[in-house]
Amino acid sequence: MTGDRRTTPIRGDLADISLAGKLFAPHYAVPMLRTGIAPVTVIHAEPHATAMPVSALMHGEEFAVLDVAGEWAWGYCLHDNYLGYLRFAGLGEDFDATHIVSAAATLLVAAPIAKAPVLARYPMGAQLACGAPSECGTYLACENGFVPQVHLSEIGGVTPSPVDLAERLIGAPYSWGGRSGDAIDCSGLIQLVFGLKGVLAPRDADMQQAEFGDDLPEGASLMRGDLVFFPGHVGIMADSENIIHANGKAMAVSVEPLSQAAARFGAAEEAIVARKRIIL
């Protein structure tokens, strides 16, 4: 075995056809591309509902299916190559998404009025195919319903910065493997807020530390938007002294002094293992 097990599409019985001639497997499969059609589909380490969640596929994101057994599909997310199992029912045909949810969450409603019944909830990061504005100009037609236009941004045209987006998620519940406005972990937060800006980050904190952004020179001051890494953890700076991060202490996305967060990881000089800056 070579490569990272989280992103190298091979298991004991099967591998992606791209690995033929590179890694041995009894069988090779041509990936079948599908798209997330549920607001969020949890990706698990094993094919059962009680298995550990490792990531999540958002509405509109693509997934490469390598195997289907019963109700479970095994494969990887196209945006980060992260492997896992998800329910096949959460996947469907591709569609041309036009907008992405840039608020913490939005509601799909049956009519373009405030008193309309709710049909579905889409968290930050969900991609939607939207049509014409309603007559009042407040809603966009979408998914056989309507979504408040103020909660959406055109894909490729998200105006707020990554840290602005992270601030919108303060209070969102912490969940291992989460990467949406409804449930999120530390690296999922970073991947989500930079992804909305069109900047693709790896899935896990150690991957982001190794591959994402530029290391800050020794002695350089931290700025709003810089990333700070601890052992197995990451957050984004709100300013030079305060960090926004999804954490198990608050069990939510919270903002707190960097010194206070670092203290939970041990001596201050050992707690912070990297500081990085991403140029947009």
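Each residue of the sequence shown is one higher than the one before, counting from 1279 in my numbering. Cβ coordinates follow ideal geometry from the N, Cα and C atoms, glycine included. Note that the coordinates shown come from a computational prediction; the quantities given were computed from them, not determined experimentally.
Checklist entry - Name the DSSP beta bridge partners of D1460, please? => result According to DSSP, D1460 bridges with nothing at all.
Item to check | Residue ranges of each beta strand (DSSP E) within the segment 1412-1455, 3 or longer | outcome: Runs found: 1417-1420, 1423-1426, 1430-1432.
Next on the checklist: Quick check: the Cα distance between P1535 and A1329, rounded to an integer number of angstroms?
Outcome noted: Take the alpha-carbon of P1535 and the one of A1329: they are about 34 Å apart.
Next on the checklist: According to DSSP, A1498 sits in a beta bridge with which residue or residues?
Outcome noted: Partner(s): none; A1498 has no beta bridge.
Item to check | Contacting residues, own chain, Cβ-Cβ under 7 Å from E1371 (five flanking each side not counted) | outcome: Spatial neighbours of E1371 in its own chain (CB-CB distance under 7 Å, excluding positions within 5 residues in sequence) are listed in chain order as T1313.
Checklist entry - Going by the CB atoms, is the gap between V1531 and A1450 shorter than 8 Å? => result A1450 places its beta carbon less than 8 Å from that of V1531.
Next on the checklist: DSSP has D1294 in a bridge; who is on the other side?
Outcome noted: Beta-bridge pairing by DSSP links D1294 to A1307.
Checklist entry - Roughly how many angstroms separate the alpha carbons of V1551 and D1282, rounded to a whole number? => result Those two C-alpha atoms are separated by around 21 Å.
Item to check | Closest Cα partner of G1258 within the set E1496, W1454, G1409 | outcome: Not covered by the structure: residue 1258. The range shown for the chain is 1279 to 1558.
Checklist entry - Taking C-alpha atoms, which residue in V1346, L1430, F1424, L1369 lies nearest to Q1405? => result Nearest to Q1405 by alpha-carbon distance, out of V1346, L1430, F1424, L1369, is L1430.
Checklist entry - DSSP puts N1525 in a beta bridge; with which residues? => result Per DSSP, A1530.
Checklist entry - For L1406, which beta-bridge partners are listed by DSSP? => result H1377, per the DSSP bridge assignment.
Checklist entry - Taking Cβ positions, are S1380 and V1318 nearer each other than 8 Å? => result Not in contact: S1380 and V1318 (Cβ atoms no closer than 8 Å).
Checklist entry - Does the Cβ-Cβ distance between L1356 and D1294 come in under 8 Å? => result No, Cβ-Cβ distance for L1356 and D1294 is not below 8 Å.
Next on the checklist: In whole angstroms, give me the CA-to-CA distance for K1300 and A1419.
Outcome noted: If I take the Cα positions, the gap works out to 47 Å.
Checklist entry - Among A1516, V1332, P1390, which residue has its Cα nearest to the Cα of A1444? => result Among A1516, V1332, P1390, the Cα nearest to that of A1444 is on A1516.
Next on the checklist: Out of F1302, S1296, R1284, which one is the CA nearest neighbour of G1290?
Outcome noted: It is F1302 whose Cα lies nearest to the Cα of G1290.
Checklist entry - If you run the structure through DSSP and keep just helix, strand and coil, what is V1332? => result Looking at V1332 - three-state DSSP - the assignment turns out to be strand.
Checklist entry - Once you ignore the five residues that flank R1399 on each side, which residues in its own chain have a CB closer than 7 Å to its CB? => result Closer than 7 Å at the Cβ level, and outside the excluded window around R1399, lie P1317, A1383, L1385.
Next on the checklist: On the CB-based measure, 16 or more other CB atoms within 10 Å of its CB, does D1374 come out buried or exposed?
Outcome noted: If you draw a 10 Å sphere on the C-beta of D1374, you find fewer than 16 other C-beta atoms in it, and that means exposed.
Item to check | Helix, strand or coil at G1510 [DSSP, three-state] | outcome: Assignment of G1510 by DSSP, reduced to helix, strand and coil, places it in the coil class.
Checklist entry - Which residues share a DSSP beta bridge with G1362? => result DSSP lists G1353 as partners of G1362.
Item to check | Contacts around M1402, its chain only, beta-carbon distance under 6 Å, and the 5 residues preceding and following it disregarded | outcome: Within the same chain, V1379, A1382, G1459 come within 6 Å of M1402 by CB-CB distance, once the 5 residues on both sides are set aside.
Checklist entry - Can you tell me where the alpha helix (DSSP H) with E1489 in it begins and where it stops? => result Where E1489 is concerned, the enclosing alpha helix (DSSP H) stretches over 1483-1489.
Checklist entry - With which residues is G1554 paired in a DSSP beta bridge? => result The displayed chain sequence assigns Lys, not Gly, to residue 1554. Beta bridge pairing from DSSP links K1554 with D1493, L1505.
Checklist entry - Which residue's Cα is closest to the Cα of Q1487: I1514, G1497, L1474? => result Out of I1514, G1497, L1474, I1514 has the C-alpha closest to the C-alpha of Q1487.
Item to check | Bridge partners - V1318, DSSP secondary structure assignment | outcome: Per the DSSP secondary-structure output, V1318 pairs in a beta bridge with M1336.
Checklist entry - Is the beta carbon of L1311 sitting closer than 8 Å to the one on E1339? => result No, the pair does not count as a contact, with Cβ atoms beyond the cut-off.
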